[in-house]
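Enquirer:
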Amino acid sequence: MEQEVFGADGAQINRATPLVASDVADGPIPVHVACVMDGNGRWASRRGLPRTEGHAAGETALLDAVEGALDLGIPWITMYAFSTENWRRPADEVRYLMGFNESLLVRRRDELNDKGVRIRFAGRRDWRVPKRVLKRMDESVELTARNRRSTLTMAFNYGGRAEIVDAVRSLVADGVPAAKVDEKAIRSRLYYPDQPDPDLMIRTSGEHRISNFLLWQLAYSELVFTGVLWPDFRRHHLFEAIQEFQRRQRRYGGVT
Ligand code: IPE
Ligand code: IPE
Ligand code: MG
Numbered sequence: 072m073e074q075e076v077f078g079a080d081g082a083q084i085n086r087a088t089p090l091v092a093s094d095v096a097d098g099p100i101p102v103h104v105a106c107v108m109d110g111n112g113r114w115a116s117r118r119g120l121p122r123t124e125g126h127a128a129g130e131t132a133l134l135d136a137v138e139g140a141l142d143l144g145i146p147w148i149t150m151y152a153f154s155t156e157n158w159r160r161p162a163d164e165v166r167y168l169m170g171f172n173e174s175l176l177v178r179r180r181d182e183l184n185d186k187g188v189r190i191r192f193a194g195r196r197d198w199r200v201p202k203r204v205l206k207r208m209d210e211s212v213e214l215t216a217r218n219r220r221s222t223l224t225m226a227f228n229y230g231g232r233a234e235i236v237d238a239v240r241s242l243v244a245d246g247v248p249a250a251k252v253d254e255k256a257i258r259s260r261l262y263y264p265d266q267p268d269p270d271l272m273i274r275t276s277g278e279h280r281i282s283n284f285l286l287w288q289l290a291y292s293e294l295v296f297t298g299v300l301w302p303d304f305r306r307h308h309l310f311e312a313i314q315e316f317q318r319r320q321r322r323y324g325g326v327t
């Protein structure tokens, strides 16, 4: 059956069948995939629903994408869930997002744990994040801490600039002399120095920007933008993005 899907460039294309894991499994698989889960609000608006319904619908997309990544054996997955700038949204939406992220953890952490996923959070634990949300986050980290099949990092109250500021502050606080401040030193103070830089960054919703996501780590990542709105994203879209990744030639400033 012909099915409508969207290419990695957002253009509508027709494929006889959606991609499956084995379609990409023979090529290079990114070790770390990072996603900007964008377009929830537009997905809802197009249906005449409140924006919050779009966030709710994004849960299925998140779990399906993680499932697809697990199928391919991807060991590092990072998902942008809430930025340091998202506090600018209407109070009702922010409140909804806090409660939604909390309840998502409660609903999904056991199943993620059963699948061997280690859950971590990247971002600032500032006073604006409700205590009970922090509590759920800590519980989920503790519950899954021993899993190694894959690490799912939720970027929550995360900003790439804030992360770099925090890294520099920590160097200064430890009295590291200027001559010792190099890339290695800064990297060692990022939120998760053990995490490799993303090989592939996917952003949904047709926006072509980074929006303060992983500024340091994305330096040499392959960027794939798709017009699919996050709530419509499924694992076959991940496989399409990986297919696009496999067509890229990474040079890191050198020559091949
Ligand atoms: C992404 O979807 C979710 C968050 C930023 C929390 P948006 O809410 O940004 O959806 P659009 O971009 O307005 O459609
Ligand atoms: C980035 O999306 C943040 C998340 C997906 C969590 P935004 O929707 O906040 O980004 P802008 O405002 O379009 O740049
Ligand atoms: Mg958005």
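Per my numbering, the sequence shown starts with residue 72, numbered consecutively.
Glycine included, every Cβ here is placed at the ideal spot set by N, Cα and C.
May I ask which residues mark the beginning and end of the alpha helix (DSSP H) holding histidine 386?
Expert: The chain is shown from 72 up to 327; residue 386 falls before or after that span and cannot be answered.
Enquirer: For arginine 203, which of helix, strand or coil comes out of DSSP?
Expert: For the purposes of this step, residue 203 is identified with residue 132 of the sequence shown, where counting begins at 1. Three-state result, arginine 203: helix.
Enquirer: For ligand 2, any of its heavy atoms closer than 6 Å to the Cβ of serine 154?
Expert: In the sequence shown, counting from the first residue as 1, residue 154 sits at position 83. The answer is yes for serine 154.
Enquirer: Return the Cβ separation of proline 101 and aspartate 270 in integer angstroms, given the expectation that the two are a contact with Cβ distance under 8 Å.
Expert: For the purposes of this step, residue 101 is taken as the residue at position 30 of the sequence shown. For the purposes of this step, residue 270 is taken as the residue at position 199 of the sequence shown. With 8 Å as the limit, proline 101 and aspartate 270 qualify as a contact, their Cβ atoms being about 4 Å apart.
Enquirer: What is the DSSP secondary structure of tryptophan 158, reduced to helix, strand or coil?
Expert: Mapped onto the sequence shown, residue 158 falls at position 87. DSSP places tryptophan 158 in helix when its eight states are reduced to three.
Enquirer: Based on DSSP bridge pairs, tell me the residues matched to glutamate 182.
Expert: Numbered from its first residue, the sequence shown carries residue 182 at position 111. Glutamate 182 pairs with nothing; no bridge assigned.
Enquirer: Going straight from the alpha carbon of leucine 362 to that of asparagine 283, what length do you get?
Expert: Absent from the structure is residue 362, since the part of the chain shown begins at 72 and ends at 327.
Enquirer: Between glutamate 156 and leucine 134, what straight-line distance do the alpha-carbon atoms span, to the nearest angstrom?
Expert: Mapped onto the sequence shown, residue 156 falls at position 85. Mapped onto the sequence shown, residue 134 falls at position 63. Each residue's alpha carbon lies about 25 Å from the other.
Enquirer: Across the stretch 225 to 232 and the stretch 191 to 203, are there enough close Cβ pairs to call them in contact, namely three or more that are closer than 8 Å?
Expert: Yes: at least three Cβ pairs fall under 8 Å.
Enquirer: Does DSSP classify glutamate 73 as helix, strand or coil?
Expert: Taking the first residue of the sequence shown as position 1, residue 73 is located at position 2. For glutamate 73, the pLDDT reaches just 42, beneath the cut-off of 50, and the residue's location in the model is therefore unreliable, leaving the point undetermined.
Enquirer: Inspect the beta-carbon positions of glutamate 293 and arginine 258 and report whether they are closer than 7 Å.
Expert: Indexing the sequence shown from 1 puts residue 293 at position 222. Indexing the sequence shown from 1 puts residue 258 at position 187. Cβ atoms of glutamate 293 and arginine 258: not closer than 7 Å.
Enquirer: Please state if the CB of phenylalanine 304 and the CB of alanine 92 are separated by a distance shorter than 7 Å.
Expert: In the sequence shown, counting from the first residue as 1, residue 92 sits at position 21. In the sequence shown, counting from the first residue as 1, residue 304 sits at position 233. No, they are not a contact pair.
Enquirer: How about proline 110 and tryptophan 301: are their beta carbons less than 7 Å apart?
Expert: Along the sequence shown, read from residue 1 onward, the residue named residue 110 stands at position 39. Along the sequence shown, read from residue 1 onward, the residue named residue 301 stands at position 230. Reading off the sequence, residue 110 comes out as glycine, not proline. It is a contact, given that the beta carbons lie within the stated cut-off.
Enquirer: Exposed or buried, which one is serine 116 when buried takes at least 16 other CB atoms within 10 Å?
Expert: In the sequence shown, the residue the question calls residue 116 occupies position 45. Serine 116 comes out exposed.
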